[in-house]
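Below is one structure, written out as structure tokens, with a few remarks after it.
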Amino acid sequence: MPIASEVNLAEVFFNEEDLPYEEEILRNAYSVKHWMRYVEHKRNAPRFVINTVFERALKELPGSYKLWYNYLKTLRKQVKGKCITDSEYEEVNNAFERALVFMHKMPRIWMDYCAFMTFQCKITRTRQVFDRALRALPITQHHRIWPLYLEFLKRFDIPETAVRVWRRYLKLCPEDAEEYVEFLQSIGHLDEAAQQLASIVDNENFVSKHGKSNHQLWNELCELISKNPDKVHSLNVDGIIRGGLRRYTDQLGHLWNSLAGYYVRSGLFDRARDIYEEAIQTVTTVRDFSQVFDAYAQFEELSLSKVMEILERNPNPTEDHDIDVELRMARFEYLMERRLLLLNSVLLRQNPHNVAEWHKRVELYEGKPHEIINTYTEAVHTVQPKLAVGKLYTLWVAFAKFYETNKQLADARIVFEKAVQVDYLKVDELASVWCEWAEMEIRQEQYEEALRIMQRATAMPKRKVAYHDDTETVQMRVYKSLKLWSMYADLEESFGTFKTCKQVYDRIIDLKICTPQIIINYGMFLEEHNYFEEAFKAYEKGIALFKWPNVYDIWNTYLTKFLNRYGGQKLERARDLFEQCLDGCPPELAKNLYLLYAKLEEQHGLARHAMAVYERATTAVKEEEMYAMFNLYIKKAAEIYGIPRTRQIYEKAIEVLPEADSRKMCVLFAEMETKLGEIDRARAIYAHCSQMCDPRVTADFWQTWKEFEIRHGNEDTMREMLRIKRSIQATYNTQINMMSAALINAAVTTGEPPKDAMRALEVKAAETTARAIAAVGASGGNIMFVRGETQGGTTKDDRVVNPDEIDIDDDEEEEDDDEEDNATEEGDGGVDVSKKIPIERQSIPAKVFGSLRREVEEKDENEMDE
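Heads up: take any position in the sequence shown, counting from 1, add 327, and you land on our numbering.
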């Protein structure tokens, strides 16, 4: 803009308000601050006026960044909103050029100029300005220019320029290569995008700004080159994808599909089919196999459908077309038929030592004997015993059975001969092979051959080895296999002689590998041949080998057989056997043995011996069976000696049994005494049992006692029963017991009296309850019987002395009796116990005297008759 003379300027816009600013400028012509104040004063002046002030200031201070920046900013505001073809834009561009003469190191000026030029859509001049800015500014300032430069490239369709500029930019910022790849894909330069992406993947130090892994970038590259075979020419697609197959083994399915897809899009269908076949023959995971197989099947299906469409559109198909359709149909069907077999191959590639998968593979070849033989052969040579998953011997056995099914016994024997030489991991596997071999010979009715095979299997090695010594081969240790010897014994029993079978059983016992069942089988075998004493010796050998509880079955069988054989002929020997058996017998197994012993004594021995056995059994069995054993003991005692002799047993049972069973035994004891007319004894038993009967829990017991008192008692006995019930109920009050115990413990521990009156009353209540319990249970743990001369009531002399009882006169007793009678009637349903029950006379039952008494009476009658 031309600068006018001072006279003209004064004539144009000077006025009196500008005079102070002009004077300041005259005095300080080189002060930026004064010029900026003058500019601010003229902010609302016309465009020409404010521009003139800026021009005058820049004439005096051409190197002021502040003046240039504000001047250019003002100029851009003045042209804002106008058409970009207006001449004023060029004036602003000239002002920028004049500014850059002095401000060429100021990046802000360059940035504003570049942005302003970009807005004007002058592509070539804008590119030149960007390039001048990058040349003028130091390298440390370039990062402020490049974002504007790249935005300019994206804004306009200038692909060739953009590619060249991006290449220059990546030399400074190689980490932005992903944006360059995206830009190349957006403009269709896929070949260079693939090259750039390949260089990114090969750079191990590259870090994606989008958080992508190297594997994800590789997948993008494979997808890019496989889907655009006609646009990517500079890369070896096959080599790149195969390199990925070696590098990323967890994504083989996707990479194989990408490679095959590349050839499909390239029109090389046979090559694509070869790639699919190679893929399904090499993948090692089911997921990869599923991806490849699905893509392969889809490829074959599309190929077939395309040919069918062409054939439909052709009205006159030739023979070649028909053959082509049939060929493609056969390929598709063959692929679908092989699916299970191919999947099995994948699993075997994962683990070639998986026995179950080899069996499945054989099943897939059903109806194809040659393939089955090849599969078995491959399996037994591939699977290593130490790495086998499953039982290796089953492959050998199945292989031999296959030959046996096809009537090739010689080949089956060859397979078994090789199978017994394999170094299996466990002895049991080799023993199973020998057993299967022998069973095959039995199926073929070659019994002598089966015995010979078992004799070979159980032969002693040249040197003695331990069965569990893993350092030795299984062939050296198999002679101690119980499985082999058990089958050998069965074969000898079925097809051998008595002597050879006995030798086998004796050998099993000598090797100490027998089980209780083997001993029992041996004994039964000897019994079948009428060697009873030999059978008993076999049982005794087994007893010497085993301990409880394993020896129980042997003892049970031995004793049963012995009793069936001799009965009471060898009573002392039988007793010795029982005593030897019961010595150390655990409680859970003792019941049947004791019952067997007692039965022997009952049938062939003495009654007192039988009773002694029952008595021992009551304490020898486990706690849950003691109640039933006591009942049996009582029953037998009543039958033999009479009912009165059962009293001691009842008393012992009540002391020994658990609380629940003891209560039931007390009730039975009381009922027995009641039947015998011993009412006082029954009442004492009820009183003793009441000490372990909480009225809230055992209401049946108290009801039974109440009914007993109604039938056999009187007013005093009913009152005594109710008093005991109330006392016991107070005793079983859990809350009072807990509080009393806590207070007593606190008092004993601290030695201090209770702090308040309530606690003192609770302590006193606890002491009163304790005295009541002591009064009721003063007789201790034993049952004290009172001998009564009458059946109704108790006399004054028979009452239990209670130290806490209050003596009351006779008159007061009568009043108290009336009150208690009323209370009794109200509490017990109005039963009048004061009425006298007539006494019935009963004859003494014969059971009282037992079977021994009957024998004596019969003996006396016989003597009198004589």
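Backbone N, C-alpha and C define an ideal beta-carbon position, used for all residues, glycine too.
Residue i versus residue j - alpha carbon distance
i: Lys-539; j: Asn-530; result: 14 Å
i: Pro-347; j: Pro-486; result: 58 Å
i: Glu-628; j: Arg-569; result: 26 Å
i: Lys-536; j: Asn-678; result: 40 Å
i: Val-610; j: Leu-579; result: 7 Å
i: Leu-480; j: Leu-511; result: 12 Å
i: Gln-896; j: Cys-993; result: 41 Å
i: Lys-449; j: Pro-465; result: 25 Å
i: Ile-1012; j: His-1039; result: 14 Å
i: Ile-976; j: Ile-1055; result: 27 Å
i: Val-366; j: Ala-442; result: 25 Å
i: Phe-822; j: Gln-773; result: 11 Å
i: Glu-998; j: Val-940; result: 26 Å
i: Pro-696; j: Ala-758; result: 28 Å
i: Phe-852; j: Val-749; result: 35 Å
i: Trp-1032; j: Glu-1000; result: 13 Å
i: Ala-944; j: Glu-867; result: 24 Å
i: Ala-777; j: Glu-861; result: 28 Å
i: Ala-876; j: Gln-771; result: For the sequence presented, residue 876 should be read as Pro rather than Ala. Approximately 42 Å between the Cα atoms of the pair.
i: Glu-350; j: His-361; result: 10 Å
i: Phe-381; j: Tyr-398; result: 6 Å
i: Glu-1140; j: Glu-1042; result: Confidence is the limiting factor: at Glu-1140 the pLDDT is only 41, short of 50, which leaves the residue's position unreliable, though a coordinate-based value still follows. Whole-angstrom Cα-Cα distance: 13 Å.
i: Leu-959; j: Arg-892; result: 27 Å
i: Leu-995; j: Lys-874; result: 39 Å
i: Ala-1057; j: Met-1019; result: 13 Å
Short Cβ contact (8 Å threshold) for residue i with residue j
i: Met-430; j: Tyr-392; result: yes
i: Leu-562; j: Ala-520; result: no
i: Asn-309; j: Arg-688; result: Since the first residue shown for the chain is 328 and the last is 1193, residue 309 is missing from the structure and cannot be characterised.
i: Glu-950; j: Pro-913; result: no
i: Leu-719; j: Pro-712; result: yes
i: Ile-436; j: Trp-493; result: no
i: Ala-606; j: Trp-583; result: yes
i: Val-707; j: Val-754; result: no
i: Val-359; j: Lys-369; result: no
i: Met-781; j: Leu-811; result: yes
Candidates the options, of which the one nearest residue i by Cα
i: Ala-765; options: Leu-752, Arg-779, Asp-988, Lys-753; result: Arg-779
i: Met-787; options: Leu-838, Met-1045, Tyr-396; result: Leu-838
i: Gly-304; options: Phe-381, Phe-423, Phe-446; result: This structure cannot speak to residue 304, because the chain is shown only from 328 to 1193.
i: Ala-624; options: Ala-587, Glu-639, Trp-875; result: Ala-587
i: Asp-738; options: Phe-726, Val-747, Val-749, Gln-748; result: Phe-726
i: Ala-300; options: Thr-1044, Ile-847, Lys-1052, Gly-1004; result: The displayed coordinates of the chain run from 328 to 1193. Any statement about residue 300 would go beyond what the structure contains.
i: Thr-467; options: Asp-565, Ser-630, Met-433, Asp-621; result: Met-433
i: Phe-423; options: Arg-459, Ala-925, Phe-873; result: Arg-459
i: Gln-618; options: Lys-734, Val-456, Thr-973, His-581; result: His-581
i: Lys-829; options: Lys-807, Ile-840, Lys-810, Tyr-858; result: Tyr-858
Status (buried if at least 16 other CB within 10 Å, exposed otherwise) for residue i
i: Asn-681; result: buried
i: Cys-762; result: buried
i: His-1015; result: buried
i: His-516; result: buried
i: Thr-709; result: exposed
i: Ser-813; result: buried
i: Asn-371; result: exposed
i: Glu-344; result: exposed
i: Leu-385; result: buried
i: Ala-955; result: exposed
i: Gln-1062; result: In this predicted model, Gln-1062 has a pLDDT of only 44, less than 50, meaning its place in the structure is not dependable; the value taken from the coordinates is given anyway. Classification for Gln-1062: exposed.
i: Gly-969; result: buried
i: Asp-557; result: exposed
i: Ala-865; result: buried
i: Pro-1165; result: Residue placement at Pro-1165 is poorly supported in this model, since its pLDDT is 48, which falls under 50; the coordinates still yield a value, given next. Exposed, by the Cβ-count rule.
i: Cys-841; result: buried
i: Val-1024; result: exposed
The ligand FAD heavy atom lying under 7 Å from the CB of residue i
i: Ala-725; result: As for the ligand FAD, it is missing from this structure, which has no ligand bound.
As an exercise, report each continuous alpha helix (DSSP H) stretch of at least 4 residues that is fully enclosed by the region 919 to 977, in chain order.
934 to 947, 950 to 967
Which runs of the alpha helix (DSSP H) fall wholly inside the region 582 to 609 and span at least 4 residues, in chain order?
596 to 607
Could I get the ranges of all uninterrupted alpha helix (DSSP H) runs contained in the region 602 to 672, with 4 residues as the minimum, in chain order?
613 to 640, 646 to 664
Contiguous alpha helix (DSSP H) assignments of at least 4 residues, all confined to the region 454 to 533:
473 to 482, 486 to 499, 504 to 514, 517 to 529
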